[in-house]
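**Q** The structure under discussion is supplied below as structure tokens; questions concerning it will follow.
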Amino acid sequence: MEIVSCSKYLCSSKSLPIAFVILTCTAVSLYSMVLWPSVNVDQRVNIHRNLSLLLQSGKNKFYNISHAISLVNSSKYDISDLVARRKINRNRIRLNPCPKIPPGLVGKLTINVQNIIKSVTNDDSLKRVVYGGRYSPEDCIPRERTAVIIPYRDREDHLNILTRHLHNILQRQQLNYQIFVIEMALPTQFNRGLLANIGVLIAKETGPFSCFIIHDVDALMMNDNNLYRCGSQPRHLVTGSTKYRSGNNEYGLPYDSYMSGAIALTDNQYTRVNGFSNVYFGWGGEDDDFNIRVKRANMKFERPEKDIGIYLAIPHETDSTNQKNPARFGILDAAAGRQWIEGLNSFIYNSLKIKYTRYALEYRQYYTWLLIGVNETAINKQYEKYLGEPFAL
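Each residue of the sequence shown is one higher than the one before, counting from 1 in UniProt numbering.
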């Protein structure tokens, strides 16, 4: 009989939880011996169908319970962790968007230049950072997901100061953010624009960021009302720097179209201008080139109010591995004709594709670190005819 064979299968099954098997086998065996002989054919069909549905339902429920128990018993989870996860998920459903103006801002900051790292360090904010330099507020839903890209070489003291400062400030600004440090491997000369492009591409592989901040390693925000958010136009976040102080002006800029320090662009804006140029090896030129690209893409840089976008330039000696590029003015003269030939697209689909080697990617305590290598000679050769008069000084 069907029900007898079914009971034999259940009682011999090794795929079902033991408690479920024992209970079911007992019930089926009693039914098959006492009641089954008196049931007609039609009733047997209905019983068989209903029993199958019951067995499947019971099987699923027991599997769910067993899975939950195995999670609790495993080394990866414990009861408190599961409860905390449930609470976090439940609370996040009820969260409101973070306010447009974060409530914890303090305005202009005081930084002791003689002891900068102590001035910018907030132990509580550092404790909240997830390895890889990530943070997201738990009391509201952030308005943007921001990637801070820091092109870098051989400025460890500056990097320690800047990352601590950023974690302290960006948490007050209630941002969902991650800090990426992109380092150029020796012996290649430093190339800020190329590193910014690679940093943006790798950040996009990491997560769906809506805003990218390209940040110099020696620039410290001096007013936390300078929100690290993107806008309808590209944003130059710097209105003045102590690097260019003059007379009674503590903060200044070298010229009106200066675009270095910190800039903020959406993914669409960065792609629309084709990113930075990749051909400025050594110091200078890439930021002016980028300003040309923004204008030719029918956009313009916006800045915060004058007393908001102020920065402290961390003092440092001349970098021996980042000498001034003697060809920068000649390369800049050819910037407009080169915009769509090389830039962000040079790493994606351009026929003159730039090859780079990713030597390392590490999720460090306060940032995600990448070590990148390129062949400077090969890149200059690739784009030789698009560089104008390279040594037009």
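We treat Cβ as the ideally placed atom computed from N, Cα and C, and that holds for glycine. None of the values given here were measured: they were computed from a predicted structure.
Ignoring anything shorter than 4 residues or poking outside the stretch 287-351, list the alpha helix (DSSP H) runs there in chain order.
**A** Whole alpha helix (DSSP H) segments, 4+ residues: 328-333, 335-338.
**Q** Under DSSP, the alpha helix (DSSP H) around T271 begins and ends at which residues?
**A** Counted from its first residue, the sequence shown places residue 271 at position 271. Element bounds for T271: 267-272.
**Q** Nearest to W340 by alpha carbon, out of V200, T271, L162?
**A** The residue given as residue 340 occupies position 340 in the sequence shown. Checking every option, the nearest Cα to that of W340 belongs to T271.
**Q** Among the residues of its own chain, which have a CB less than 6 Å from the CB of T368, if the five just before and after it don't count?
**A** Here residue 368 corresponds to residue number 368 of the sequence shown, with the count starting at 1. So the list reads G132, G133, F180, once near-sequence residues are dropped.
**Q** Q178 lies in the beta strand (DSSP E); which residues open and close that run?
**A** As a working mapping, residue 178 is identified with position 178 in the sequence shown. Element bounds for Q178: 176-184.
**Q** Using 10 angstroms around the beta-carbon of N260, count the other beta-carbons present and answer buried if the total reaches 16, otherwise exposed.
**A** For this step, residue 260 is matched to residue 260 along the sequence shown. In the sequence as displayed, the identity of residue 260 is Ser instead of Asn. Classification of S260: buried, given that the 10 Å Cβ count is 16 or more.
**Q** Looking at the unbroken alpha helix (DSSP H) that takes in E138, where does it start and where does it end?
**A** Stepping through the sequence shown from its first residue, residue 138 is reached at position 138. Per DSSP, E138 belongs to no alpha helix (DSSP H) and is neither H nor E.
**Q** Which parts of the UniProt domain "Galactosyltransferase N-terminal" (98-230) are runs of the alpha helix (DSSP H), unbroken and 4 residues or longer, counting only runs that do not cross its ends?
**A** Here the runs fully enclosed are 116-120, 123-127, 156-172, 192-206.
**Q** Quick one: measure Cβ to Cβ for M221 and Y311, integer angstroms, because I've assumed they're closer than 8 Å.
**A** Against the sequence shown, residue 221 aligns to sequence position 221. Against the sequence shown, residue 311 aligns to sequence position 311. That belief holds up - the Cβ atoms of M221 and Y311 are roughly 6 Å apart, short of 8 Å.
**Q** Tell whether a beta-carbon distance below 8 Å holds between P304 and L237.
**A** Locating residue 304 in the sequence shown gives position 304, counting from the first residue. Locating residue 237 in the sequence shown gives position 237, counting from the first residue. In contact: P304 and L237 (Cβ atoms closer than 8 Å).
**Q** Less than 8 Å separating the beta-carbons of residue 395 and E376?
**A** Within the shown structure, residues of the chain are numbered from 1 to 393, placing residue 395 beyond reach of any answer.
**Q** If I measure Cβ to Cβ from L336 and keep anything under 7 Å in the same chain, skipping five residues before and after, which residues do I get?
**A** Within the sequence shown, numbered from 1, the residue matching residue 336 stands at position 336. The question names Leu, but residue 336 is Ala in the sequence shown. Correct list, in chain order: I292, R296.
**Q** Spell out a yes or no on whether the stretch 141-157 and the stretch 186-197 are touching, meaning 3 or more CB-CB pairs, one atom from each, closer than 8 Å.
**A** These segments touch.
**Q** For Q171, which of R128, L194, E286 has the nearest alpha-carbon?
**A** Looking up residue 171 in the sequence shown gives position 171. Cα-wise, what sits closest to Q171 is R128.
**Q** The beta strand (DSSP E) spanning E362 covers which residue range?
**A** Position 362 of the sequence shown holds residue 362. Start and end: 356-363.
**Q** Please classify I117 as buried or exposed, where buried requires at least 16 neighbouring CB atoms within 10 angstroms.
**A** For the purposes of this step, residue 117 is identified with residue 117 of the sequence shown, where counting begins at 1. Result: exposed.
**Q** Is I379 near I182, with beta carbons less than 8 Å apart?
**A** Residue numbering aside, residue 379 sits at position 379 when the sequence shown is read from its first letter. Residue numbering aside, residue 182 sits at position 182 when the sequence shown is read from its first letter. Taking 8 Å as the Cβ cut-off, I379 and I182 do not qualify as a contacting pair.
**Q** Alpha carbon to alpha carbon, how far is N268 from T146? Give it in angstroms, no decimals.
**A** In the sequence shown, residue 146 corresponds to position 146, counting from 1. In the sequence shown, residue 268 corresponds to position 268, counting from 1. Distance between the alpha carbons of T146 and N268: 14 Å.
**Q** Please list, in chain order, all residues of the same chain as residue 400 whose beta carbon is under 8 Å from its beta carbon, the five residues on each side excluded.
**A** Past the boundaries of the shown model lies residue 400; the chain is included only from 1 to 393, so the question cannot be answered.
**Q** Using CA coordinates, which residue listed in S277, I149, V113 is at the minimum distance from P315?
**A** Taking the sequence shown and counting its residues from 1, one reaches residue 315 at position 315. Comparing Cα positions, the closest option is V113.
**Q** Kindly indicate which residue of A313, N248, A185 has the alpha-carbon position closest to the one of L361.
**A** Here the question's residue 361 lines up with position 361 in the sequence shown. The shortest Cα separation from L361 among A313, N248, A185 belongs to A185.
**Q** Helix, strand or coil: how does DSSP classify N375 here?
**A** In the sequence shown, the residue the question calls residue 375 occupies position 375. Coil.
**Q** If you draw a straight line from the C-alpha of R86 to the C-alpha of A327, how long is it?
**A** If you number the sequence shown from 1, residue 86 lands on position 86. If you number the sequence shown from 1, residue 327 lands on position 327. Since pLDDT at R86 reaches only 49, below the 50 mark, its modelled position is unreliable, and the value read off the structure follows with that caveat. Roughly 59 Å between the two C-alpha positions.
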